[in-house]
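Worksheet for the structure shown next.
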Amino acid sequence: MSKFLSRIYKDLTPYTPGEQPQDKKYIKLNTNESPFPPAPGVIDAVNREEALNLRLYSDPELKPLKAALAEAYGVGPENVFVSNGSDEALNFAFMAFGQDGIIFPDITYGFYKVLVNANHIAYEEKPLRPDFTIDPSDYRNIDRAVCIPNPNAPTGLLLSLDTIRSLAESNPDHVVMIDEAYIDFGGQSAVPLTREYDNLLVIQTFSKSRSLAGARVGYAIGNKDLIQDLETLKYALNPYNVNRISMACAIAAVKDPAYYEANIQKIKDNRAYAEDALEKLGFTVIPSYSNFVFARHPDYEGGKLYQDLKANGILVRHFTDPKISSYNRITIGTREEMEALVETIEKLLQN
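What follows is the structure, given as structure tokens:
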């Protein structure tokens, strides 16, 4: 830290991304990326003509992508905000709607806490129940904004649409943000509820189910007035927030749902295989509605398992929070990758 850093940031603890080591080739099961490539149309979108146009600024209004998303979700373009990854949408939403504070779970996506601290927003973390589920009563009838990931990460557990409806109804004077980064792997999106509740904002990403983590494209869907608030902040801070090639890729991805639905089914099948195989090896596995599983072994400390797997060329995600340090979050990869994981763990347990 330099002596020049503003004192308002001197105590800021940044987000810690999942490892992206370059020292050797790993089976990467640590950052919830898709194991499958983008759709063929996405590859075609990265063409010479688009590359030549990189000398020009991207469309700040992102009209073609907004139109494609609006058609896919049955909303108007005015109900769609496009961002540089869903993290930017979350940041703008926290800035726009967090003036009275924000409540989110204490075991969840670590970026929420970074955002509130970076933006000097008051916040409260609500503990999960002993079974790692969210208690909806903690988020009803409060005088603050709400942010809940659905499914939650790293637990993979899901809230019902009826529960989300109750949260929006009980907090009419504040925005309820539902972060649906993993919704395609096992839940129902709350996007249809945004037509009923003007305080409901649903945030999604192209990083997970659409295999575009490297393109950095996210979006939010909600009442047009909420979207306009996000647009105001975007034009104040980052008007050309999504580059030309990323937008072209995202449009192509939206237009090929069948390709991604087939991949999602493969991930669900591989998840079921991994859950069953790990349970047979003595693991406790939290039922997952996402593209990862959260698992612990009674006789294998979580941090040691993470280190031993890494030494054997497999990356998983370990968290040091004492409440979950016995667990590891394991991204669902290809069947071959999941079989390699299980075989490696079998060998480690025999040592």
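Residue numbers (our numbering): 1398 to 1748. By construction, the Cβ of each residue, glycine as well, lies at the ideal position given by its N, Cα and C atoms.
Assigned secondary structure, residue i (DSSP; H/G/I helix, E/B strand, else coil)
| i | result |
| --- | --- |
| residue 1660 | helix |
| residue 1696 | coil |
| residue 1591 | helix |
| residue 1644 | helix |
| residue 1636 | coil |
| residue 1398 | coil |
| residue 1737 | helix |
| residue 1576 | strand |
| residue 1748 | coil |
| residue 1425 | strand |
| residue 1440 | helix |
| residue 1609 | coil |
| residue 1542 | strand |
| residue 1727 | strand |
| residue 1732 | helix |
| residue 1582 | helix |
| residue 1537 | coil |
| residue 1406 | helix |
| residue 1682 | strand |
| residue 1531 | coil |
| residue 1721 | coil |
| residue 1597 | strand |
| residue 1712 | strand |
| residue 1629 | helix |
| residue 1616 | strand |
| residue 1552 | coil |
| residue 1602 | strand |
Sub-8 Å separation of residue i and residue j beta-carbons
| i | j | result |
| --- | --- | --- |
| residue 1449 | residue 1515 | no |
| residue 1506 | residue 1542 | no |
| residue 1529 | residue 1552 | yes |
| residue 1455 | residue 1615 | no |
| residue 1555 | residue 1584 | yes |
| residue 1540 | residue 1517 | no |
| residue 1682 | residue 1672 | yes |
| residue 1670 | residue 1732 | yes |
| residue 1693 | residue 1680 | yes |
| residue 1579 | residue 1688 | yes |
| residue 1646 | residue 1443 | yes |
| residue 1482 | residue 1604 | yes |
| residue 1563 | residue 1589 | no |
| residue 1558 | residue 1519 | no |
| residue 1547 | residue 1577 | yes |
| residue 1500 | residue 1536 | yes |
Nearest-angstrom Cβ-Cβ length linking residue i and residue j, presumed shorter than 8 Å
| i | j | result |
| --- | --- | --- |
| residue 1565 | residue 1596 | 6 Å |
| residue 1459 | residue 1735 | With a Cβ gap of about 37 Å, residue 1459 and residue 1735 do not count as contacting. |
| residue 1490 | residue 1600 | 7 Å |
| residue 1426 | residue 1711 | 6 Å |
| residue 1561 | residue 1502 | No, residue 1561 and residue 1502 are not in contact; Cβ-Cβ is about 14 Å, not under 8 Å. |
| residue 1436 | residue 1650 | 6 Å |
| residue 1648 | residue 1411 | Rounded, the Cβ-Cβ distance is 32 Å, inconsistent with contact. |
| residue 1630 | residue 1493 | 6 Å |
| residue 1641 | residue 1451 | 6 Å |
| residue 1513 | residue 1495 | 7 Å |
| residue 1338 | residue 1531 | The chain is shown from 1398 up to 1748; residue 1338 falls before or after that span and cannot be answered. |
| residue 1612 | residue 1627 | With a Cβ gap of about 20 Å, residue 1612 and residue 1627 do not count as contacting. |
| residue 1389 | residue 1638 | Any answer about residue 1389 is impossible in this case: the structure gives the chain only from 1398 up to 1748. |
| residue 1428 | residue 1415 | 4 Å |
| residue 1636 | residue 1457 | 5 Å |
* Asked: Three or more beta-carbon pairs under 8 Å between the region 1615 to 1634 and the region 1454 to 1473, yes or no?
  -> yes
* Run through the region 1447 to 1495 for me and flag every whole beta strand (DSSP E) of 3 or more residues, listed as ranges in chain order. => 1477 to 1480
* To do: Decide if the region 1713 to 1727 is in contact with the region 1695 to 1704; the criterion is three or more beta carbon pairs, one per stretch, under 8 Å apart.
  => yes
* Evaluate contact between the region 1642 to 1659 and the region 1522 to 1536, counting only Cβ atoms and requiring at least three cross-stretch pairs below 8 Å. => no
* **contact_flag[the region 1417 to 1434, the region 1725 to 1744] where n(CB pairs < 8 Å) is 3 or more** => yes
* What beta strand (DSSP E) runs, 3 residues minimum, are completely inside the region 1500 to 1527? -> 1520 to 1523
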